[in-house]
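Chains as they are written, first to last, in the numbering used here: chain D, 31 to 369; chain Z, 31 to 369.
Idealized CB from N, CA, C, for every residue including glycine.
Protein chains: 2
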Amino acid sequence: MTTIAIDAMGGDHAPRAEVEGAILAAREFGVRILLVGIEAAIRQELSRHRDRDRGLPIEVVGAAEVITMSDSPSQAFRRKKESSMHVAARLVRDGKAEAMVSAGNTGAAMTVARFVLGTLPSVDRPALAAAFPNMKDKVSVILDVGANVDSKPEQIRQFAVMGEIYFRAIWGVKRPRVALLSIGEEEMKGNELTREASNLLKQSSLNFVGNVEGRDVFRGNVDVIVCDGFIGNVALKISEGLVEHVQGMLKKAIKSSLSSQIGYALSKRAFDDFRKRTDSSETGGAPLLGVRGITIIAHGRSNPNAIKNAIRVAGELCRARVNEKIDQELSAAAVAAQG
Amino acid sequence: MTTIAIDAMGGDHAPRAEVEGAILAAREFGVRILLVGIEAAIRQELSRHRDRDRGLPIEVVGAAEVITMSDSPSQAFRRKKESSMHVAARLVRDGKAEAMVSAGNTGAAMTVARFVLGTLPSVDRPALAAAFPNMKDKVSVILDVGANVDSKPEQIRQFAVMGEIYFRAIWGVKRPRVALLSIGEEEMKGNELTREASNLLKQSSLNFVGNVEGRDVFRGNVDVIVCDGFIGNVALKISEGLVEHVQGMLKKAIKSSLSSQIGYALSKRAFDDFRKRTDSSETGGAPLLGVRGITIIAHGRSNPNAIKNAIRVAGELCRARVNEKIDQELSAAAVAAQG
Numbered sequence: 031m032t033t034i035a036i037d038a039m040g041g042d043h044a045p046r047a048e049v050e051g052a053i054l055a056a057r058e059f060g061v062r063i064l065l066v067g068i069e070a071a072i073r074q075e076l077s078r079h080r081d082r083d084r085g086l087p088i089e090v091v092g093a094a095e096v097i098t099m100s101d102s103p104s105q106a107f108r109r110k111k112e113s114s115m116h117v118a119a120r121l122v123r124d125g126k127a128e129a130m131v132s133a134g135n136t137g138a139a140m141t142v143a144r145f146v147l148g149t150l151p152s153v154d155r156p157a158l159a160a161a162f163p164n165m166k167d168k169v170s171v172i173l174d175v176g177a178n179v180d181s182k183p184e185q186i187r188q189f190a191v192m193g194e195i196y197f198r199a200i201w202g203v204k205r206p207r208v209a210l211l212s213i214g215e216e217e218m219k220g221n222e223l224t225r226e227a228s229n230l231l232k233q234s235s236l237n238f239v240g241n242v243e244g245r246d247v248f249r250g251n252v253d254v255i256v257c258d259g260f261i262g263n264v265a266l267k268i269s270e271g272l273v274e275h276v277q278g279m280l281k282k283a284i285k286s287s288l289s290s291q292i293g294y295a296l297s298k299r300a301f302d303d304f305r306k307r308t309d310s311s312e313t314g315g316a317p318l319l320g321v322r323g324i325t326i327i328a329h330g331r332s333n334p335n336a337i338k339n340a341i342r343v344a345g346e347l348c349r350a351r352v353n354e355k356i357d358q359e360l361s362a363a364a365v366a367a368q369g
Numbered sequence: 031m032t033t034i035a036i037d038a039m040g041g042d043h044a045p046r047a048e049v050e051g052a053i054l055a056a057r058e059f060g061v062r063i064l065l066v067g068i069e070a071a072i073r074q075e076l077s078r079h080r081d082r083d084r085g086l087p088i089e090v091v092g093a094a095e096v097i098t099m100s101d102s103p104s105q106a107f108r109r110k111k112e113s114s115m116h117v118a119a120r121l122v123r124d125g126k127a128e129a130m131v132s133a134g135n136t137g138a139a140m141t142v143a144r145f146v147l148g149t150l151p152s153v154d155r156p157a158l159a160a161a162f163p164n165m166k167d168k169v170s171v172i173l174d175v176g177a178n179v180d181s182k183p184e185q186i187r188q189f190a191v192m193g194e195i196y197f198r199a200i201w202g203v204k205r206p207r208v209a210l211l212s213i214g215e216e217e218m219k220g221n222e223l224t225r226e227a228s229n230l231l232k233q234s235s236l237n238f239v240g241n242v243e244g245r246d247v248f249r250g251n252v253d254v255i256v257c258d259g260f261i262g263n264v265a266l267k268i269s270e271g272l273v274e275h276v277q278g279m280l281k282k283a284i285k286s287s288l289s290s291q292i293g294y295a296l297s298k299r300a301f302d303d304f305r306k307r308t309d310s311s312e313t314g315g316a317p318l319l320g321v322r323g324i325t326i327i328a329h330g331r332s333n334p335n336a337i338k339n340a341i342r343v344a345g346e347l348c349r350a351r352v353n354e355k356i357d358q359e360l361s362a363a364a365v366a367a368q369g
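As structure tokens, this is what we get:
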């Protein structure tokens, strides 16, 4: 049984969302869960579910400190060594869990995972991968969405390899279509980084379909889109901001008249569908690919469903032996490049 | 009377949308219009409006060639010297018009404007500025959205100065709030470029409010957001793609049941409002700031209303003497830096 360590103190609704998500996941996916954090707080949440969920493979592991959303990632990493994030990462490092999930401070979670677990031998820099729902009712994965800035072309190539393996593991596509995010399809249209990265990707054994632009993120013509983490983070935050904005506009417009309100009541299913499709809780969090040990970083606002799905993805990545595959593929490429 | 040259052959609906937009603008704003392109085609469109609009200050200027959306910008610039874009730009260069508007191939329009008109003496690189509607029912302007890649910190500072002057001219805000697009508010969170640019902006006389992230684009807490053109282009295209995606999802969801359809009919005003707010035809196109002569680049899909609004903005930028102000401000800053 796969064991997954959950930072139970991370998210905006911690530990309630984490505990409930863990229970849902343990019931549904047959995984063993270690809930890491302030014991009393976690046990209190667990007690709300006790009668029904006795016997689920959930254990509590104490951690004395909590990293907050306002902590600086580097300071939190250095100074809060007994945080639930650190303890969860050490459980993975020491082989007591195969994966960790945190909905806490993203920067801190990346720093802790990267430096407690270390990177895979063949990986220069870990990358954070986010799934964007697209028009074909599938997802496109973008990486890196913020683990790195000022990436080198070779790192972009590594992101592509990692993204391809992740996509195959979770969405079962044999040869995911890999693209490079640029400002036009023609190679000359990009910047220095994309021109060099595009050359490397063409020479690789990946199913590289070329450069795409921002609007292709939602068109569903490609599966994995690679870019520098600064670009990817802007893309992610712009999308989140715009969805928030659109939901706000619709809400306001609907409230504007009685007929709109009646109309809304009648088309509520359509709106719920829209909300569900733009809801990040379905996509299962963002894996930090390239570290030794599966690490999933969920949104701070994660509800129990989001935590459950992050645990599902963590379990699937473990079972697919994603890290072994990344290391094999990148080592083989490195040998080929030297040879 | 301000004279504005319109590339009548540029957009996807040319010359119909251009001619109709020009008529609307001439009626409403009291500007003189030169419609540039294939004479017969333009006159045919004009004849559809003749009875009603006799006497409007609209003239036709012939141009033998047309640049298409699939032309390479640099080749179109070099090889189609008699295109409507070239002729429109030469009218501005030679003082026969004060501004040009094109809904054609964006890359070609930028190249033609930049090299036929030249850049202002104190400007390193022209920048394309796009207006994003925000949650406060106002707009935030982002520049550069694609005229440059691999920008230098000093160029970012110049974008900020140009963006501030543009924002003041069109939206009447005395001290627009200027921000730098990054991946977090803390300065350390950016990349090499944003760290250096942020320092320059802090030392400037601008109302620089610091770094913002992607989601702030829609929050309406800042007026002018500066970034490298690669980033800005990704931001623009991601937003356009997502709006298209959302509209598609809503349409599909609404069609899914009879009650949704009735609901839609009742809340149609709300949807129309949403569509209008996400419709770029209201914002008046994107000015290419920093060239000698006002240049507005409108979306290829521009309808007559979009053309009309682009002409409005062109006229307002002329009347506000935006180019004089940009040159004064940047020359003064350059003298101060040397002194």
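What three-state label does DSSP hand residue i in the structure shown?
i: residue 183 of chain D; result: helix
i: residue 213 of chain Z; result: coil
i: residue 337 of chain Z; result: helix
i: residue 33 of chain Z; result: strand
i: residue 272 of chain D; result: helix
i: residue 327 of chain Z; result: strand
i: residue 103 of chain Z; result: helix
i: residue 365 of chain Z; result: helix
i: residue 112 of chain D; result: coil
i: residue 241 of chain D; result: strand
i: residue 252 of chain Z; result: coil
i: residue 65 of chain Z; result: strand
i: residue 129 of chain Z; result: strand
i: residue 360 of chain D; result: helix
Just checking: is the beta-carbon of residue i within a distance shorter than 8 Å of some beta-carbon in chain D?
i: residue 174 of chain Z; result: no
i: residue 202 of chain Z; result: no
i: residue 278 of chain Z; result: yes
i: residue 211 of chain Z; result: yes
Do residue j and residue i have their beta-carbon atoms positioned less than 8 Å apart in this structure?
i: residue 171 of chain D; j: residue 193 of chain D; result: yes
i: residue 341 of chain D; j: residue 117 of chain D; result: no
i: residue 90 of chain Z; j: residue 65 of chain Z; result: yes
i: residue 134 of chain Z; j: residue 40 of chain Z; result: yes
i: residue 147 of chain D; j: residue 119 of chain D; result: yes
i: residue 47 of chain Z; j: residue 333 of chain Z; result: yes
i: residue 378 of chain D; j: residue 217 of chain D; result: This structure does not reach residue 378 of chain D, given that chain D is present from 31 up to 369, and the question cannot be answered.
i: residue 352 of chain Z; j: residue 314 of chain Z; result: no
i: residue 173 of chain D; j: residue 319 of chain D; result: yes
i: residue 88 of chain Z; j: residue 63 of chain Z; result: yes
i: residue 327 of chain D; j: residue 348 of chain D; result: no
i: residue 262 of chain D; j: residue 175 of chain D; result: yes
i: residue 212 of chain Z; j: residue 241 of chain Z; result: yes
i: residue 208 of chain D; j: residue 254 of chain D; result: yes
i: residue 152 of chain D; j: residue 336 of chain D; result: no
i: residue 159 of chain D; j: residue 316 of chain D; result: yes
i: residue 114 of chain Z; j: residue 93 of chain Z; result: yes
i: residue 244 of chain Z; j: residue 264 of chain D; result: yes
i: residue 86 of chain D; j: residue 338 of chain D; result: no
i: residue 359 of chain D; j: residue 252 of chain D; result: no
i: residue 169 of chain Z; j: residue 161 of chain Z; result: yes
i: residue 356 of chain Z; j: residue 195 of chain Z; result: yes
Quick check on residue i - is its C-beta less than 8 Å from some C-beta in chain Z?
i: residue 125 of chain D; result: no
i: residue 121 of chain D; result: no
(request) Closer than 8 Å, Cβ to Cβ, to anything on chain Z: give me those residues from the region 260 to 274 of chain D, in chain order. (result) In summary, the residues of the region 260 to 274 of chain D whose CB is separated from some CB of chain Z by less than 8 Å are 260, 261, 263, 264, 265, 266, 267, 268, 269, 270, 271, 272, 273 and 274, in the order they occur in the chain.
(message) Can you pull out the residues from the region 216 to 248 of chain Z whose beta carbon lies closer than 9 Å to at least one beta carbon of chain D?
(response) Only those residues of the region 216 to 248 of chain Z whose C-beta falls short of 9 Å from the nearest C-beta of chain D are listed: 216, 218, 219, 220, 221, 222, 223, 224, 243, 244, 245, 246, 247 and 248.
(request) Enumerate, from N- to C-terminal direction, the unbroken beta strand (DSSP E) stretches of 3 or more residues contained entirely within the region 37 to 61 of chain Z. (result) Runs of the beta strand (DSSP E) inside the region 37 to 61 of chain Z: none found.
(request) Please name the residues in the region 146 to 167 of chain Z whose beta-carbon is closer than 8 Å to at least one beta-carbon of chain D, in chain order. (result) The residues in question are 164 and 165.
(message) Any C-beta of chain B within less than 7 Å: which residues of the region 174 to 196 of chain D qualify?
(response) Structure shown: chain B not included; protein chains present are D and Z.
(message) Restricting to runs no shorter than 4 residues, where is the alpha helix (DSSP H) found entirely within the region 134 to 194 of chain Z?
(response) Listed in chain order, they are 136 to 142.
(request) Output, in sequence order along the chain, the residues in the region 61 to 88 of chain Z whose CB is closer than 8 Å to any CB in chain D. (result) For the region 61 to 88 of chain Z, which is checked against every Cβ of chain D, not one residue is closer than 8 Å.
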